[in-house]
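Data first, discussion second: the structure below is written as structure tokens.
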Amino acid sequence: MRLDLTHIQRWIAPGSRVLDLGCGNGEFLELLREQRQVRGTGLEIDGDMITAAISRGLNIIEQNMDQGLANFPDQSFDTVVMAHALQAVHFPDKVLDEMLRIGRQGIVTFPNFGHWRCRLYLGIRGRMPVSRFMPHMWYDTPNIHFCTVKDFEALCALKGIRILARDVVGNTERTPVLAGTWPNLFATTAIYHISR
Amino acid sequence: MSIANDSHSVGIVTPRIARFEEPLPLACGRDLPAYELIYETYGELNAQRSNAILVCHALSGHHHAAGYHSADDKRPGWWDECIGPGKPIDTRHFYVVSVNNIGGCHGSTGPMSINPETGKHWGPDFPPLRARDWVHSQARLADYLGIDCWAAIVGGSLGGMQAMRWSLEYPQRVRHCIVIAAAMKLSAQNLAFNEVARQAIVSDPQFAGGYYQEHNATPSQGLALARMVGHITYLSDNAMASKFGRDLRSGTLEQGDQEQAEFQVQSYLRYQGTQFSGSFDANTYILMTRALDYFDLAREYGNDPVAAFKHASCSFLVISFSTDWRFSPERSREIVDALIAADRPVTYAEIEADEGHDAFLLPIPRYVDVFRAYMRRVGEIS
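Chains X and W supply the protein sequences, listed in that same order. Per our numbering, the very first residue in the first sequence carries number 134; after that it's consecutive. Per our numbering, the very first residue in the second sequence carries number 6; after that it's consecutive.
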């Protein structure tokens with residue numbers, strides 16, 4: 134289980150309805166079902182992931198977020214989660230709008246491109262950062278909309294999205310203080326709890 | 006593979022017949038005085054009677070879904086790919102019931118049966134049927150077999166429509182509804198193809214207004230033509246291209262050659278038509294295509310599929326195939342969207358497949374994986 138997913142749990146009310154956009158193999162929805170008794174639905178486009186998630190007994194819809202989420206009624210879920218997918222969608226701003234139309238609250242996690250290692254990589258080498266967490270080359274990456282902590286907060290301000298809470302994950306367990314104090318420099322993953 | 010060494014086959018099966026003496030009220034307003042259902046079962050019903058799966062057949066299907074009728078049988082039942090030990094509908098865990106719909110021509114009461122009031126074949130006077138009539142007739146079969154609640158009702162195409170109708174008519178008797186390559190209603194194009202098929206049958210002089218049995222005749226030409234038209238809609242352009250292309254079976258396309266060339270696809274379609282007309286009844290074909298035409302899941306719910314599905318209390322699995330143009334993925338997504346809006350548990354997979362509508366009968370790896378994974382979930386609480 135990725136660290137950012139265990140962080141998210143506490144924002145999700147027991148027994149509530151959760152929509153997980155880009156749910157992968159469903160491990161997070163399964164965790165929420167076991168620990169929070171949520172009624173979950175997952176969206177996914179990868180065939181093997183879908184089969185794996187169905188094997189966990191989850192409700193999964195094969196659907197591409199980039200073609201819209203209009204089939205989900207307004208305020209039909211308590212929480213809409215999108216973990217590590219914001220940077221891979223065509224229109225991150227529109228997806229955020231849709232998340233808060235469909236859900237009362239949203240939870241978004243993304244890799245922070247403002248992390249000092251990214252800056253150093255780009256600054257010193259003059260090339261797009263490649264790391265263990267972002268292993269793709271610029272031309273074949275599914276991550277087409279990287280942003281920083283500051284970028285995301287600016288977008289929320291522009292859209293009038295309220296940030297209820299921010300959480301960060303550093304690159305080691307020993308750096309939570311640094312990441313908490315200077316998230317744009319030290320957070321590898323940013324986690325936001327948002328609403329209208 | 007022979008029956009003896011196929012450990013994934015249900016083996017040799019024997020159809021059974023259940024007779025129901027109580028008249029069945031039909032959607033058309035008439036009663037069917039008494040009726041018989043021919044059915045097969047595979048696997049064992051568990052002590053809690055909670056592992057029963059109902060298989061609903063498509064337009065030209067029947068009760069023989071899996072296994073063989075004798076050791077010399079060349080071909081197994083129509084859905085043998087998916088029913089058997091270790092297959093998605095695993096008969097080591099499930100008790101599978103596969104039934105021929107009333108109005109059919111494979112042993113259940115239908116136009117070929119004798120009308121008790123006249124002592125003659127029903128023929129074209131058999132009451133028109135709707136999917137709900139099949140559902141009600143099968144609910145009595147469930148009573149007869151001691152099944153209060155199906156673990157799952159599964160169907161492809163028309164069978165999927167029937168499964169959805171079950172979920173609305175008897176919500177307490179279905180835990181999972183599996184709808185494959187289906188739609189909530191036919192499109193104008195679907196209706197048009199069905200009409201061509203029916204016209205092919207009724208214009209055959211042998212049809213005799215549907216009373217061909219009284220004249221010891223069979224409208225085989227018309228029925229074969231109807232099947233040929235239908236068959237084209239079951240295949241995709243790509244599937245036909247890769248299977249036949251423009252290959253010739255006889256003759257040449259050389260200039261100066263008087264002999265007419267025959268394309269492979271021509272001979273294939275004719276073969277399919279002839280095979281079908283030898284094993285199917287023309288009045289049943291007309292009746293079944295009409296039932297398809299009339300089917301509209303949400304009509305009685307103010308034409309609102311969301312309102313319709315609010316009556317269901319089961320979980321749904323919906324599957325579509327990318328090149329199916331008869332009931333395209335879009336039709337399946339309409340079902341899924343209505344279920345989402347009705348707040349019903351639903352899982353949806355859109356399978357990449359070249360085979361068109363026919364794909365639902367074929368062992369396409371991803372389809373089988375999804376189906377198997379979902380059936381495991383069905384089995385967990387049964």
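No residue lacks a Cβ here, since even glycine has one placed at the ideal position from N, Cα and C. This structure is a prediction, so every number in the text was calculated from the model and none was measured.
Query raised in the report: Mind checking V104/W: buried by the 16 CB within 10 Å criterion, or exposed?
Result: Translated into positions along the second sequence, residue 104/W becomes position 99. V104/W should be labelled buried.
**Report entry** CA-to-CA distance, I277/X to L152/X, given in whole angstroms
**Finding:** As a working mapping, residue 152/X is identified with position 19 in the first sequence. As a working mapping, residue 277/X is identified with position 144 in the first sequence. Between L152/X and I277/X, the C-alpha separation is close to 23 Å.
Query raised in the report: Taking 8 Å as the CB-CB cut-off, is S149/X touching chain W?
Result: Counting from 1 along the first sequence, the entry for residue 149/X is found at position 16. False, the Cβ-Cβ gap to chain W never drops below 8 Å.
Query raised in the report: According to DSSP, which residues form a beta bridge with W155/W?
Result: Sequence index remark: in the second sequence, residue 155/W carries index 150 (1-based). DSSP output for W155/W lists V179/W as bridge partner(s).
Requested in this report: Could you tell me the boundaries of the alpha helix (DSSP H) in which D230/X lies?
Outcome: Within the first sequence, residue 230/X is the residue found at index 97, counting from 1. Residues 225 to 235.
Query raised in the report: Nearest CA to the CA of P275/X: which residue from L165/X, F161/X, V222/X?
Result: Here the question's residue 275/X lines up with position 142 in the first sequence. Among L165/X, F161/X, V222/X, the Cα nearest to that of P275/X is on V222/X.
Requested in this report: Go ahead and label F279/X buried or exposed: buried means 16 or more other beta carbons lie within 10 angstroms of its beta carbon, across all protein chains shown.
Outcome: As a working note, residue 279/X is residue 146 in the first sequence. The Cβ neighbour count for F279/X, taken over all protein chains shown within 10 Å, is at least 16; the residue is labelled buried.
Query raised in the report: Around the C-beta of T139/X, are 16 or more other C-beta atoms found within 10 angstroms, so that it is buried, or is it exposed?
Result: In the first sequence, residue 139/X corresponds to position 6, counting from 1. Counting Cβ neighbours within 10 Å, T139/X comes out exposed, since fewer than 16 surround it.
Query raised in the report: Contact check, G389/W vs M233/W under 8 Å by CB: the rounded distance?
Result: The question about residue 389/W has no answer here: the residues shown for chain W are numbered 6 through 387.
Query raised in the report: Which first and last residues belong to the alpha helix (DSSP H) in which F270/W is found?
Result: For the purposes of this step, residue 270/W is taken as residue 265 along the second sequence, with counting starting at 1. Note on residue identity: the sequence assigns Val, not Phe, to residue 270/W. First-last of the alpha helix (DSSP H) with V270/W: 269 to 282.
Query - Three-state class that DSSP yields for K292/X in the structure shown - result: For this step, residue 292/X is matched to residue 159 along the first sequence. If DSSP states are grouped into helix, strand and coil, K292/X belongs with the helices.
Query - Closer than 8 Å to chain W by CB, F161/X - result: For the purposes of this step, residue 161/X is taken as residue 28 along the first sequence, with counting starting at 1. Chain W contact via Cβ: absent.
Query raised in the report: Using a C-beta cutoff of 8 Å, does E195/X count as contacting chain W?
Result: Along the first sequence, read from residue 1 onward, the residue named residue 195/X stands at position 62. Chain W contact via Cβ: present.
Requested in this report: Write down every uninterrupted run of the beta strand (DSSP E) in the region 158 to 186 of chain X whose length is 3 residues or greater and which is fully enclosed by it, in chain order.
Outcome: 172 to 177
Report task. Could you work out which residue in C319/W, M189/W, A57/W, I107/W is closest to D148/W when comparing CA atoms only? Result -> What you label residue 148/W is simply residue 143 of the second sequence in a count that begins at 1. Closest by alpha carbon: A57/W.
Query raised in the report: Within the 8 Å Cβ cut-off, does P90/W reach chain X?
Result: The count along the second sequence starts at 1 and reaches residue 90/W at position 85. It does not; no Cβ of chain X falls within 8 Å.
Query - Contact check, Q238/X vs I327/X, beta carbons under 8 Å - result: Locating residue 238/X in the first sequence gives position 105, where the first residue counts as 1. Locating residue 327/X in the first sequence gives position 194, where the first residue counts as 1. Yes, Cβ-Cβ distance for Q238/X and I327/X is below 8 Å.
Query raised in the report: Which residues of chain W have a Cβ atom closer than 7 Å to the Cβ of S188/X, listed in chain order?
Result: The residue you call residue 188/X lines up with position 55 of the first sequence. Per Cβ cutoff of 7 Å: A378, R381.
Query raised in the report: In chain W, which residues lie less than 7 Å from P309/X when you measure between Cβ atoms?
Result: As a first step, residue 309/X must be located in the first sequence, where it is residue number 176. Within 7 Å Cβ-Cβ: nothing; P309/X doesn't reach chain W, min ~38 Å.
Query raised in the report: In or out: Y372/W buried (at least 16 other Cβ within 10 Å) or exposed?
Result: Numbered from 1 along the second sequence, position 367 holds the residue referred to as residue 372/W. By the 10 Å Cβ count, Y372/W comes out buried.
Query - Inter-residue spacing [alpha-carbon to alpha-carbon] between I294/X and A218/X - result: Here the question's residue 294/X lines up with position 161 in the first sequence. Here the question's residue 218/X lines up with position 85 in the first sequence. Taking the straight line joining both Cα atoms gives about 19 Å.
Requested in this report: Tell me, to the nearest whole angstrom, how far the beta carbon of R361/W is from that of L240/W; I am working on the premise that it is less than 8 Å.
Outcome: Within the second sequence, residue 361/W is the residue found at index 356, counting from 1. Within the second sequence, residue 240/W is the residue found at index 235, counting from 1. The question names Arg, but residue 361/W in the sequence shown is Gly. The Cβ separation is near 5 Å, so the contact holds.
Requested in this report: Indicate whether E43/W and A71/W have their beta-carbon atoms separated by less than 8 Å.
Outcome: Numbered from its first residue, the second sequence carries residue 43/W at position 38. Numbered from its first residue, the second sequence carries residue 71/W at position 66. The displayed chain sequence assigns Ile, not Glu, to residue 43/W. No, these two residues do not count as a Cβ contact at 8 Å.
Query raised in the report: What do you reckon, is the C-beta of W127/W under 7 Å from a heavy atom of the ligand NAP?
Result: Looking at this structure, you won't find the ligand NAP or any other ligand, since it has none at all.
Query raised in the report: Quick one: which chain W residues come within Cβ less than 9 Å of G180/X?
Result: Along the first sequence, read from residue 1 onward, the residue named residue 180/X stands at position 47. Neighbours of G180/X on chain W, chain order: A354, I356, E357, R371, D374, V375.
Report task. Kindly indicate which three-state DSSP category I237/W falls into: helix, strand or coil? Result -> As a first step, residue 237/W must be located in the second sequence, where it is residue number 232. Looking at I237/W - three-state DSSP - the assignment turns out to be helix.
Query raised in the report: In chain W, what lies closer than 7 Å to T184/X by C-beta?
Result: For the purposes of this step, residue 184/X is taken as the residue at position 51 of the first sequence. Near T184/X (Cβ distances below 7 Å), the residues of chain W are D374, V375, A378.
Report task. Can you tell me the Cβ-Cβ gap for I291/W and I206/W, rounded? I've got them flagged as a contact below 8 Å. Result -> In the second sequence, the residue the question calls residue 291/W occupies position 286. In the second sequence, the residue the question calls residue 206/W occupies position 201. Yes, they are in contact, since the Cβ atoms of I291/W and I206/W sit about 6 Å apart, within 8 Å.
Query raised in the report: Do C156/X and G180/X come within 8 Å of each other at the CB atom, strictly closer than that value?
Result: In the first sequence, residue 180/X corresponds to position 47, counting from 1. In the first sequence, residue 156/X corresponds to position 23, counting from 1. No; because the gap between Cβ atoms is not below 8 Å, this pair is not in contact.
Report task. Pull up the CB-CB distance for F321/W and L344/W, whole angstroms please, since I reckon it's below 8 Å. Result -> Here residue 321/W refers to the residue found at position 316 of the second sequence. Here residue 344/W refers to the residue found at position 339 of the second sequence. Sure, about 6 Å apart at Cβ, within 8 Å.
Query raised in the report: At least one CB of chain X closer than 8 Å to the CB of E45/W: is that the case?
Result: If you number the second sequence from 1, residue 45/W lands on position 40. It does not: the Cβ of E45/W has no partner Cβ on chain X nearer than 8 Å.
Requested in this report: Taking C-beta pairs closer than 8 Å, name the residues in chain X that I345/W reaches, listed in chain order.
Outcome: Residue numbering aside, residue 345/W sits at position 340 when the second sequence is read from its first letter. Neighbours of I345/W across chain X, judged by C-beta separation under 8 Å: T174, I194, N204, F205, P206, S209.
Query - Buried versus exposed call for T184/X [16 or more other C-beta atoms within 10 Å across all chains shown] - result: If you number the first sequence from 1, residue 184/X lands on position 51. So T184/X ends up on the buried side.
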